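Keeping their order, the protein sequence lines are chains A and B.
Here the first sequence is numbered in numbering that gives the first Met the number 0, starting from 0 and rising by one per residue.
Here the second sequence is numbered in numbering that gives the first Met the number 0, starting from 0 and rising by one per residue.
A virtual CB, placed ideally from N, CA and C, is assigned to each residue, including glycine.
Predicted, not measured: the structure shown is a model, and the values here were computed from it.
There are 2 protein chains.
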Amino acid sequence: MNKADPLSTQELNFLSETFRLLGDPSRLRILLHCEEGPKSVTDISETLELSQSLVSHHLRLLRGARLVTRVRHSKQMFYEISDQHVGDVLLDMLSHVREEREGVAERDASVQHS
Amino acid sequence: MNKADPLSTQELNFLSETFRLLGDPSRLRILLHCEEGPKSVTDISETLELSQSLVSHHLRLLRGARLVTRVRHSKQMFYEISDQHVGDVLLDMLSHVREEREGVAERDASVQHS
DNA sequence: GAAACACTTGAACATGTATTCAAGTGTTTA
DNA sequence: TAAACACTTGAATACATGTTCAAGTGTTTC
């Protein structure tokens, strides 16, 4: 981040890999859904209208980056967000996106059309 | 995020697009470098040892998502991070990555080798 | 105004990745 | 133990994307 606390190559790779995983609409929806509490694969699949296979593939990636954890409950697997930093990041970035989009709307509104 | 404040499809797309842009090591390095203050393209290119063309391509994408802004100063363009949310996000996620990686190290250290 | 500097852009290519489909694993129920 | 349920995995594919190279724009200097 700054000279006193530089990123190692490995940290850089983990960091970018983590962001990359958030950079897909399906995975993002899965994470946002899981933020409400532990969800089963079937629940995610039905709620978001994504195939079970696809959800499972995505959850595997998210689990690999420790963005979610899972616990088995009889036949079902319940997935949840692994720590609050992730939730914080999602909220912070949403603030950014909403502010920027407001900014765009304001600028558009002030344009003089010829 | 929650039922009271749902994401529109457009917001979801902006959000994931923004994360996607952070999900590349080169772009992430560029952003982290620009966090220190406004930087010229040549400065970024030389400091990070990336071709000027590549840096320019990446900056174009970052600018498109309003992650950076630029200002011309005679012949040079100076780029800087557009708002503090972005810096917050980077720091939050870095915390996550570092905690998770510590966790891995601890778990690895406690493994009984046979 | 031509040359030099700083940056941008478009095309091309190689690599990566989201999704689907079909088959496979683990757990419970009859 | 066979069938049903819940989930996972591998292969295949269509599409996206990071990088390079060559050519182009805008600004200053001579």
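Check: Which residues of chain B have a Cβ atom closer than 8 Å to the Cβ of Glu114/A, listed in chain order?
Finding: Beyond the ends of chain A as shown, which are 0 and 113, falls residue 114/A; an answer cannot be given.
Next item on the list: Could you check if Glu48/B is buried or exposed, using at least 16 other CB atoms within 10 Å of its CB as the buried criterion?
Entry: Walking along the second sequence from the start, residue 48/B turns up at place 49. Per the 10 Å Cβ criterion, exposed.
Item checked: Burial state of Val96/B (16 or more Cβ within 10 Å) -> Residue 96/B sits at position 97 when you count from the first residue of the second sequence. Burial call: buried.
Note to self: What would DSSP say about Ser109/A, mapped onto helix, strand or coil?
What the structure shows: What you label residue 109/A is simply residue 110 of the first sequence in a count that begins at 1. Caution is warranted here: a pLDDT of 49 is assigned to Ser109/A, below 50, making its placement in the model unreliable, and the coordinate value is therefore given only provisionally. Looking at Ser109/A - three-state DSSP - the assignment turns out to be coil, as it is neither helix nor strand.
Margin query: For Ser39/A, list the residues DSSP reports as bridge partners.
Written below: If you number the first sequence from 1, residue 39/A lands on position 40. Looking at the DSSP assignment, Ser39/A forms a beta bridge with Phe77/A.
Note to self: So, does the region 28-36 of chain B touch the region 33-46 of chain A, judging by three or more C-beta pairs under 8 Å?
What the structure shows: no
Margin query: To the nearest angstrom, how far is the alpha carbon of His112/B from that of Ala64/A?
Written below: The sequence position of residue 112/B within the second sequence is 113, counting from 1. The sequence position of residue 64/A within the first sequence is 65, counting from 1. Because His112/B carries a pLDDT of 39, less than 50, the predicted location of this residue cannot be relied on, and the following value inherits that uncertainty. The straight-line gap from Cα to Cα measures roughly 25 Å.
Check: Across which residues does DSSP place Arg62/B in a beta bridge pair?
Finding: Along the second sequence, one-based indexing puts residue 62/B at 63. According to DSSP, which records beta bridges pairwise, Arg62/B is partnered with nothing at all.
Notebook entry, point to check: Glu98/B and Asp82/A look like a contact to me (Cβ under 8 Å); what is the Cβ gap, rounded to whole Å?
Noted result: As a position in the second sequence, residue 98/B is number 99, starting the count at 1. As a position in the first sequence, residue 82/A is number 83, starting the count at 1. Yes, they are in contact, since the Cβ atoms of Glu98/B and Asp82/A sit about 7 Å apart, within 8 Å.
Next item on the list: Would you mind sorting Val54/B into buried or exposed? The rule is 16 or more other CB atoms within 10 Å of its CB.
Entry: Position 55 of the second sequence, counted from the first residue, corresponds to residue 54/B. Classification for Val54/B: buried.
Check: chain B beta carbons: is any one of them nearer than 9 Å to that of Leu31/A?
Finding: Taking the first sequence and counting its residues from 1, one reaches residue 31/A at position 32. By this cut-off, Leu31/A is an interface position.
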